[in-house]
Amino acid sequence: MNNSFRFETNFNNPILYEVIFLNDQVTTIEFIIRVLKHIFNKEHKHALKLTRKIHEEGYGVVGSYIYEIAGQKELETSLMARDENFPLRVVIKIK
0 MNNSFRFETN FNNPILYEVI FLNDQVTTIE FIIRVLKHIF NKEHKHALKL TRKIHEEGYG
60 VVGSYIYEIA GQKELETSLM ARDENFPLRV VIKIK
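With the first letter of the sequence shown counted as 1, position 93 gets the number 92 in numbering that gives the first Met the number 0; the numbers rise by one all the way through.
Next comes the structure, spelled out in structure tokens:
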């Protein structure tokens with residue numbers, strides 16, 4: 000009887016998760032830009048472009064990360080929004 004088993008992982012192609020902002024009528028453009036620059040390290044021009052997309056289309060993918068990082072960015076964003084009384088909704092989903 001062979002009690003060995005084979006375990007494979009693929010570190011070269013990790014599963015990525017998208018962080019998505021959902022538009023609302025309360026959260027300001029300035030706040031979204033600040034979050035994108037501070038938490039997601041986006042350049043101002045790119046943050047402005049993403050914010051416009053979120054506003055016009057109702058949502059926008061702001062980044063793709065491994066699960067732990069996506070979750071951390073979602074948490075940081077949600078806490079920042081709550082601290083400033085904005086109802087910004089952030090979701091993560093598998094890419």
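Even for Gly, the Cβ is constructed at its ideal location relative to N, Cα and C.
{"query": "Pairwise C-alpha distance: ASN11 and GLU29", "result": "37 Å"}
{"query": "Opposing strand residues paired with LYS92 [DSSP bridges]", "result": "GLU17"}
{"query": "Distance, ILE91 Cα to ALA69 Cα", "result": "7 Å"}
{"query": "Buried versus exposed call for GLU67 [16 or more other C-beta atoms within 10 Å across all chains shown]", "result": "exposed"}
{"query": "Distance between PRO13 and VAL89 (C-alpha atoms, nearest Å)", "result": "22 Å"}
{"query": "Own chain, CB closer than 8 Å to GLY62, minus 5 neighbours either side, in chain order", "result": "GLU17, VAL18, PHE39, ALA69, LYS72"}
{"query": "Enclosing beta strand (DSSP E) for GLY57 [first to last residue]", "result": "No beta strand (DSSP E) contains GLY57, which DSSP labels as neither H nor E."}
{"query": "Neighbour-count burial assignment, VAL25, 16 or more Cβ in a 10 Å radius", "result": "exposed"}
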